[in-house]
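These notes concern the structure reproduced below.
Numbering (UniProt numbering), first residue to last: 1 to 214.
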(Lines of atoms letter the chains of each structure in order from A and count residues from 1; the text may use other names and numbers.)
(Lines give C-alpha, C1' and ligand atoms only; values in the text may rest on other atoms or scores of the structure.)
Protein backbone atom coordinates (compact mmCIF):
# COMPACT_ATOMS: atom_id res chain seq x y z
CA UNK A 1 0.00 0.00 0.00
CA UNK A 2 2.86 2.40 0.77
CA UNK A 3 4.73 1.82 -2.49
CA UNK A 4 1.85 0.70 -4.70
CA UNK A 5 2.20 -2.05 -7.26
CA UNK A 6 0.38 -4.76 -9.16
CA UNK A 7 -1.62 -7.56 -7.57
CA UNK A 8 -2.69 -10.62 -9.55
CA UNK A 9 -5.76 -12.55 -8.43
CA UNK A 10 -6.97 -15.88 -9.78
CA UNK A 11 -10.71 -16.36 -10.08
CA UNK A 12 -12.89 -19.23 -11.23
CA UNK A 13 -15.83 -18.46 -13.45
CA UNK A 14 -18.35 -20.18 -15.70
CA UNK A 15 -18.09 -19.39 -19.40
CA UNK A 16 -20.40 -20.33 -22.25
CA UNK A 17 -19.01 -22.86 -24.69
CA UNK A 18 -20.27 -24.63 -27.79
CA UNK A 19 -21.72 -23.31 -30.98
CA UNK A 20 -25.08 -22.57 -29.40
CA UNK A 21 -23.52 -21.09 -26.23
CA UNK A 22 -25.86 -23.13 -24.08
CA UNK A 23 -23.25 -25.06 -22.10
CA UNK A 24 -21.08 -23.64 -19.36
CA UNK A 25 -17.58 -24.65 -18.43
CA UNK A 26 -15.66 -23.76 -15.28
CA UNK A 27 -12.42 -22.01 -16.07
CA UNK A 28 -9.75 -19.94 -14.36
CA UNK A 29 -8.74 -16.40 -15.16
CA UNK A 30 -6.03 -14.10 -13.80
CA UNK A 31 -7.13 -10.54 -13.06
CA UNK A 32 -4.51 -7.80 -12.71
CA UNK A 33 -5.28 -5.27 -9.98
CA UNK A 34 -3.43 -1.93 -9.94
CA UNK A 35 -2.62 -0.78 -6.39
CA UNK A 36 -1.93 2.95 -6.22
CA UNK A 37 0.41 4.23 -3.48
CA UNK A 38 -1.61 5.26 -0.44
CA UNK A 39 -4.81 3.61 -1.65
CA UNK A 40 -7.39 3.88 1.17
CA UNK A 41 -8.72 0.79 2.90
CA UNK A 42 -12.17 -0.11 1.62
CA UNK A 43 -11.47 0.96 -1.97
CA UNK A 44 -13.61 -0.99 -4.46
CA UNK A 45 -11.86 -2.18 -7.63
CA UNK A 46 -14.41 -3.33 -10.19
CA UNK A 47 -13.95 -5.65 -13.16
CA UNK A 48 -17.16 -5.28 -15.20
CA UNK A 49 -18.90 -8.47 -16.34
CA UNK A 50 -16.11 -10.80 -15.28
CA UNK A 51 -18.47 -13.02 -13.29
CA UNK A 52 -20.19 -16.26 -14.30
CA UNK A 53 -21.74 -16.40 -17.74
CA UNK A 54 -25.08 -18.03 -18.44
CA UNK A 55 -27.46 -18.49 -21.39
CA UNK A 56 -30.04 -16.11 -19.95
CA UNK A 57 -28.06 -13.71 -17.82
CA UNK A 58 -25.52 -10.95 -18.12
CA UNK A 59 -22.27 -11.76 -16.30
CA UNK A 60 -21.97 -10.02 -12.95
CA UNK A 61 -19.13 -7.71 -12.03
CA UNK A 62 -16.16 -8.97 -10.01
CA UNK A 63 -15.40 -6.56 -7.19
CA UNK A 64 -12.33 -6.51 -4.95
CA UNK A 65 -12.28 -4.43 -1.75
CA UNK A 66 -8.91 -3.40 -0.34
CA UNK A 67 -8.04 -4.01 3.30
CA UNK A 68 -4.95 -2.88 5.20
CA UNK A 69 -2.88 -5.48 6.98
CA UNK A 70 -1.86 -4.51 10.50
CA UNK A 71 1.69 -3.23 10.93
CA UNK A 72 3.89 -4.04 13.92
CA UNK A 73 4.86 -0.39 14.46
CA UNK A 74 2.37 1.92 12.78
CA UNK A 75 -1.39 2.34 12.76
CA UNK A 76 -2.98 4.08 9.82
CA UNK A 77 -5.65 6.76 9.99
CA UNK A 78 -6.34 8.15 6.55
CA UNK A 79 -2.97 9.32 5.23
CA UNK A 80 -1.46 9.73 8.71
CA UNK A 81 0.58 7.11 10.53
CA UNK A 82 0.36 6.76 14.32
CA UNK A 83 2.78 5.03 16.66
CA UNK A 84 3.46 4.88 20.40
CA UNK A 85 6.99 5.24 21.75
CA UNK A 86 8.25 4.14 25.17
CA UNK A 87 10.35 6.73 27.02
CA UNK A 88 11.64 7.02 30.58
CA UNK A 89 10.31 9.67 32.93
CA UNK A 90 13.72 11.37 32.85
CA UNK A 91 13.45 11.71 29.07
CA UNK A 92 9.88 12.97 29.31
CA UNK A 93 11.01 15.82 31.56
CA UNK A 94 14.40 16.72 30.09
CA UNK A 95 14.08 15.81 26.41
CA UNK A 96 15.39 13.05 24.20
CA UNK A 97 15.85 11.98 20.58
CA UNK A 98 13.58 9.26 19.22
CA UNK A 99 15.06 6.92 16.62
CA UNK A 100 12.40 5.36 14.42
CA UNK A 101 12.56 3.19 11.30
CA UNK A 102 10.06 4.18 8.62
CA UNK A 103 7.96 1.98 6.36
CA UNK A 104 10.37 2.65 3.49
CA UNK A 105 13.42 1.62 5.56
CA UNK A 106 14.73 5.05 6.46
CA UNK A 107 15.83 6.03 9.96
CA UNK A 108 14.33 9.14 11.51
CA UNK A 109 15.90 10.95 14.45
CA UNK A 110 13.15 13.02 16.03
CA UNK A 111 14.16 15.49 18.76
CA UNK A 112 11.71 15.86 21.64
CA UNK A 113 12.35 19.19 23.36
CA UNK A 114 8.99 19.80 25.04
CA UNK A 115 7.96 18.26 28.33
CA UNK A 116 6.04 15.09 27.48
CA UNK A 117 2.75 15.08 29.38
CA UNK A 118 0.46 12.01 29.20
CA UNK A 119 -1.62 13.63 26.43
CA UNK A 120 1.36 15.04 24.50
CA UNK A 121 1.82 14.10 20.87
CA UNK A 122 4.52 14.95 18.35
CA UNK A 123 3.54 15.51 14.71
CA UNK A 124 6.20 15.01 12.02
CA UNK A 125 4.91 16.48 8.73
CA UNK A 126 5.35 14.53 5.51
CA UNK A 127 6.31 11.18 7.08
CA UNK A 128 2.96 9.43 6.75
CA UNK A 129 1.33 7.55 3.88
CA UNK A 130 1.36 8.82 0.28
CA UNK A 131 -1.73 10.82 -0.60
CA UNK A 132 -3.95 8.85 -3.02
CA UNK A 133 -4.53 12.00 -5.08
CA UNK A 134 -0.82 12.90 -5.21
CA UNK A 135 1.63 10.15 -4.21
CA UNK A 136 4.51 12.66 -4.16
CA UNK A 137 2.96 14.19 -1.05
CA UNK A 138 2.48 12.38 2.23
CA UNK A 139 0.45 12.63 5.39
CA UNK A 140 2.01 13.08 8.81
CA UNK A 141 3.63 10.81 11.34
CA UNK A 142 2.10 11.22 14.80
CA UNK A 143 3.95 10.02 17.88
CA UNK A 144 2.35 9.38 21.25
CA UNK A 145 4.28 8.36 24.30
CA UNK A 146 4.17 5.72 26.99
CA UNK A 147 6.07 7.14 29.95
CA UNK A 148 7.89 4.52 32.03
CA UNK A 149 8.20 5.42 35.71
CA UNK A 150 10.97 4.09 37.94
CA UNK A 151 9.98 1.31 40.33
CA UNK A 152 12.27 2.65 43.06
CA UNK A 153 14.00 5.91 43.98
CA UNK A 154 16.53 6.33 46.79
CA UNK A 155 15.94 9.16 49.25
CA UNK A 156 18.79 11.23 47.82
CA UNK A 157 17.22 11.11 44.35
CA UNK A 158 13.84 12.09 45.77
CA UNK A 159 15.40 15.11 47.46
CA UNK A 160 17.07 16.16 44.20
CA UNK A 161 13.73 15.91 42.42
CA UNK A 162 11.96 17.95 45.09
CA UNK A 163 14.62 20.63 44.86
CA UNK A 164 14.39 20.71 41.07
CA UNK A 165 10.66 21.37 41.27
CA UNK A 166 10.91 24.09 43.87
CA UNK A 167 9.97 27.39 42.26
CA UNK A 168 9.97 30.60 44.22
CA UNK A 169 6.98 32.92 44.24
CA UNK A 170 9.15 35.61 42.66
CA UNK A 171 9.99 33.32 39.72
CA UNK A 172 6.30 32.53 39.22
CA UNK A 173 5.30 36.19 39.35
CA UNK A 174 8.06 37.19 36.93
CA UNK A 175 7.01 34.49 34.48
CA UNK A 176 3.36 35.46 34.68
CA UNK A 177 4.32 39.13 34.26
CA UNK A 178 6.25 38.45 31.07
CA UNK A 179 3.37 36.36 29.68
CA UNK A 180 0.94 39.18 30.43
CA UNK A 181 3.16 41.68 28.65
CA UNK A 182 3.52 39.45 25.61
CA UNK A 183 -0.25 38.99 25.45
CA UNK A 184 -0.82 42.73 25.87
CA UNK A 185 1.68 43.44 23.10
CA UNK A 186 -0.11 41.08 20.71
CA UNK A 187 -3.54 42.47 21.55
CA UNK A 188 -2.42 46.05 21.04
CA UNK A 189 -0.93 45.36 17.67
CA UNK A 190 -3.66 43.05 16.41
CA UNK A 191 -2.05 43.46 13.01
CA UNK A 192 0.64 41.87 10.89
CA UNK A 193 3.99 41.32 12.64
CA UNK A 194 5.70 43.46 10.01
CA UNK A 195 3.82 46.57 11.16
CA UNK A 196 5.86 48.37 13.85
CA UNK A 197 4.30 49.24 17.20
CA UNK A 198 4.84 52.65 18.77
CA UNK A 199 5.59 52.50 22.47
CA UNK A 200 4.74 55.16 25.00
CA UNK A 201 7.25 56.46 27.48
CA UNK A 202 5.59 54.62 30.37
CA UNK A 203 4.30 51.76 28.31
CA UNK A 204 4.66 48.25 29.76
CA UNK A 205 5.72 47.13 26.30
CA UNK A 206 8.92 49.15 26.76
CA UNK A 207 9.69 47.14 29.85
CA UNK A 208 8.89 43.92 27.99
CA UNK A 209 11.37 44.89 25.30
CA UNK A 210 13.97 45.58 27.97
CA UNK A 211 13.34 42.24 29.65
CA UNK A 212 13.60 40.32 26.38
CA UNK A 213 16.81 42.06 25.31
CA UNK A 214 18.56 41.59 28.62
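Just so you know, even glycine gets a beta-carbon here, dropped at the ideal spot from N, CA and C.
Remember, it's a predicted structure, so these values are computed and weren't measured experimentally.
- Nearest to residue 65 by alpha-carbon distance, out of 80, 33, 57 and 76, is 33.
- According to the DSSP assignment, residue 24 belongs to the beta strand (DSSP E) that extends over 23-35.
- Taking residue 131 as the centre and dropping the five residues before and after it, the same chain places the C-beta of 38, 79 and 137 closer than 6 Å to its C-beta, in chain order.
- Inside the stretch 8-96, DSSP marks whole alpha helix (DSSP H) runs of 4 or more residues at positions 89-94, from first to last along the chain.
- DSSP places residue 155 in the uninterrupted alpha helix (DSSP H) bounded by 155-164.
- Between residue 145 and residue 116, the gap from beta carbon to beta carbon is short of 8 Å.
- For the pair residue 93 and residue 139, the CB atoms are not nearer than the 8 Å cut-off.
- For residue 124, the enclosing beta strand (DSSP E) has its first and last residue at 121-124.
- In the same chain as residue 141, and ignoring 5 residues on each side of it, the C-beta atoms closer than 7 Å to its own belong to 81, 124, 127 and 128, in chain order.
- Note on residue 46: under 16 other CB atoms within 10 angstroms of its CB, so exposed under the neighbour-count rule.
- Annotation for residue 132: no beta strand (DSSP E) segment contains it, and DSSP assigns it neither H nor E.
- One thing to note: residue 76 has its Cβ no nearer than 8 Å to the Cβ of residue 86.
- For the pair of segments examined, the stretch 152-169 was found not to touch the stretch 102-122: the number of CB pairs separated by less than 8 Å stays below three.
- The C-alpha of residue 54 is placed about 11 Å away from the C-alpha of residue 13.
- One Cα belongs to residue 112, the other to residue 150, and the distance between them is close to 20 Å.
- Taking C-alpha positions only, residue 7 is separated from residue 35 by approximately 7 Å.
- Taking residue 5 as reference, the option from 23, 135 and 122 with the minimal CA-CA separation is 135.
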